[in-house]
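Trainee: Structure below; questions to follow.
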């Protein structure tokens, strides 16, 4: 029987890829080590990320979100030990996720008579992956996913599927969030976020090679049935396992409460170790959580969760210690 319209069908189990490199820039600084430990929060409602200074004529007209993306990709490739030009060709794929990083370009198009074609609103979401693929010479498959944290979880699943099917040899999973230029608009929706918003860009360079399962599922549910829907997603993803690490980005309110209740019933007195971005990082959040777990050498089943409006998603990733 087909699942209800509000439920997304469970995805098959895939081999979890190996994280070969991480590039991370946020308002806290560069790399996972720049993020404060524990539950420290940003000193203001918005923590902007500094604009990277990239040399080259082609970056003269690039938007800030494009510069952040290129810097994050360069950082991931460098950490993976790849030589310049190694990403070029049809064997590298790119999955891009963002909730906000086209908003500034849309505003510029609507309000600035001198805006360039890059600011055309219907092509703005493609500007970031376009800049990355042109600069690195990437000719493999590319997908754009617009949304918050659940879009980043789906991006990881896309990458794992491409690698399992042999479509590519490596995949860049990239998320960028820039809010400063449209902060007046975002501030009107502050009731949706319990923590300060953190700007930034994160890129995970994924390759085949890690044993263990990757399972992803998500749901779009009305508030009245959010609790059972969240519990159902976790049941499908965990399949009887108890997570040792929780990269929880479900925010506040209904999704977070439902998630906490479901995990409390499952894990009892041994809750998972919580790792997360110190602030609301939107689509960057799950990727930052995975990068932090990797940097801190946490092993075992890692549960990545995220919520965006009525969309809740979870992904199980088994980390090597």
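Residue numbers (my numbering): 23 to 343.
No residue lacks a Cβ here, since even glycine has one placed at the ideal position from N, Cα and C.
(1) Checking 8 Å against the spacing of the C-beta atoms, do residue 110 and residue 170 come in under that value?
(2) Tell me which residues share the same chain as residue 149 and place their Cβ nearer than 8 Å to its Cβ, disregarding the 5 neighbours each side in the sequence.
(3) Within its chain, find whatever has a CB closer than 7 Å to the CB of residue 218; leave out the 5 residues flanking it on each side and keep chain order.
(4) Assess contact between the segment 72-83 and the segment 326-334, defined as three or more Cβ pairs (one per stretch) separated by less than 8 Å. Is contact present?
(5) Keeping to the same chain, check which residues put their C-beta closer than 7 Å to that of residue 201; ignore five residues upstream and five downstream.
(6) What is the C-beta distance between residue 163 and residue 234, in whole angstroms, given that I count them as a contact (C-beta under 8 Å)?
(7) If you run the structure through DSSP and keep just helix, strand and coil, what is residue 242?
(8) Excluding sequence positions up to five away, which residues of its chain have a Cβ less than 8 Å from the Cβ of residue 292?
(9) Tell whether a beta-carbon distance below 8 Å holds between residue 243 and residue 166.
(10) Look up residue 279 in the DSSP assignment and say whether it is helix, strand or coil.
(11) Three or more beta-carbon pairs under 8 Å between the segment 42-58 and the segment 309-322, yes or no?
(12) Report the partner residues of residue 83 according to the DSSP bridge assignment.
(13) With DSSP as the reference, label residue 65 as helix, strand or coil.
(14) Residue 284 and residue 253: beta carbons closer than 8 Å?
(15) So, at 7 Å on beta carbons, what are the nonlocal neighbours of residue 186 in its own chain, with the 5 sequence-adjacent residues on each side left out?
(16) According to the Cβ coordinates, are residue 286 and residue 196 closer than 8 Å?
(17) Do you know whose CA, among 260, 174, 103 and 224, lies nearest residue 53's CA?
(18) Residue 146: which of 276, 130 and 319 sits nearest, CA to CA?
(19) On the DSSP letters alone, give me the boundaries of the alpha helix (DSSP H) that residue 154 sits inside.
Mentor: Result, derived from the coordinates:
(1) If you number the chain shown from 1, residue 110 lands on position 88. If you number the chain shown from 1, residue 170 lands on position 148. Cβ distance not < 8 Å, so residue 110 and residue 170 don't count as in contact.
(2) Translated into positions along the chain shown, residue 149 becomes position 127. 85, 87, 88, 124, 127 and 140.
(3) Counted from its first residue, the chain shown places residue 218 at position 196. 63, 64, 66, 67, 68, 69, 301 and 302.
(4) no
(5) For this step, residue 201 is matched to residue 179 along the chain shown. Once the five neighbours on either side are set aside, the close Cβ partners of residue 201 are 68, 122, 208, 219 and 221.
(6) Here residue 163 corresponds to residue number 141 of the chain shown, with the count starting at 1. Here residue 234 corresponds to residue number 212 of the chain shown, with the count starting at 1. In fact, because the Cβ distance is near 24 Å, the residues do not count as touching under 8 Å.
(7) As a position in the chain shown, residue 242 is number 220, starting the count at 1. Note: residue 242 maps to strand in three-state DSSP.
(8) For the purposes of this step, residue 292 is identified with residue 270 of the chain shown, where counting begins at 1. Annotation for residue 292: 264 place their beta carbon closer than 8 Å to its own, counting only its chain and skipping 5 residues before and after.
(9) Position 221 of the chain shown, counted from the first residue, corresponds to residue 243. Position 144 of the chain shown, counted from the first residue, corresponds to residue 166. No, the Cβ-Cβ distance between residue 243 and residue 166 is not below 8 Å.
(10) Working through the chain shown from its first residue, we reach residue 279 at position 257. Residue 279: helix per DSSP, three-state reduction.
(11) yes
(12) Translated into the one-based positions of the chain shown, residue 83 becomes position 61. Bridge pairing for residue 83: absent [DSSP].
(13) Locating residue 65 in the chain shown gives position 43, where the first residue counts as 1. Coil.
(14) Against the chain shown, residue 284 aligns to sequence position 262. Against the chain shown, residue 253 aligns to sequence position 231. In this structure, residue 253 lies closer than 8 Å to residue 284 by Cβ.
(15) One-based indexing of the chain shown puts residue 186 at position 164. Answer for residue 186: 36 and 37, listed in chain order.
(16) Taking the chain shown and counting its residues from 1, one reaches residue 286 at position 264. Taking the chain shown and counting its residues from 1, one reaches residue 196 at position 174. No. Outside cutoff.
(17) To locate residue 53, count along the chain shown from 1; it is residue 31. Here the closest residue by C-alpha is 224.
(18) Locating residue 146 in the chain shown gives position 124, counting from the first residue. The option with the nearest alpha carbon to residue 146 is 130.
(19) The residue given as residue 154 occupies position 132 in the chain shown. The continuous alpha helix (DSSP H) containing residue 154 extends over residues 146-158.
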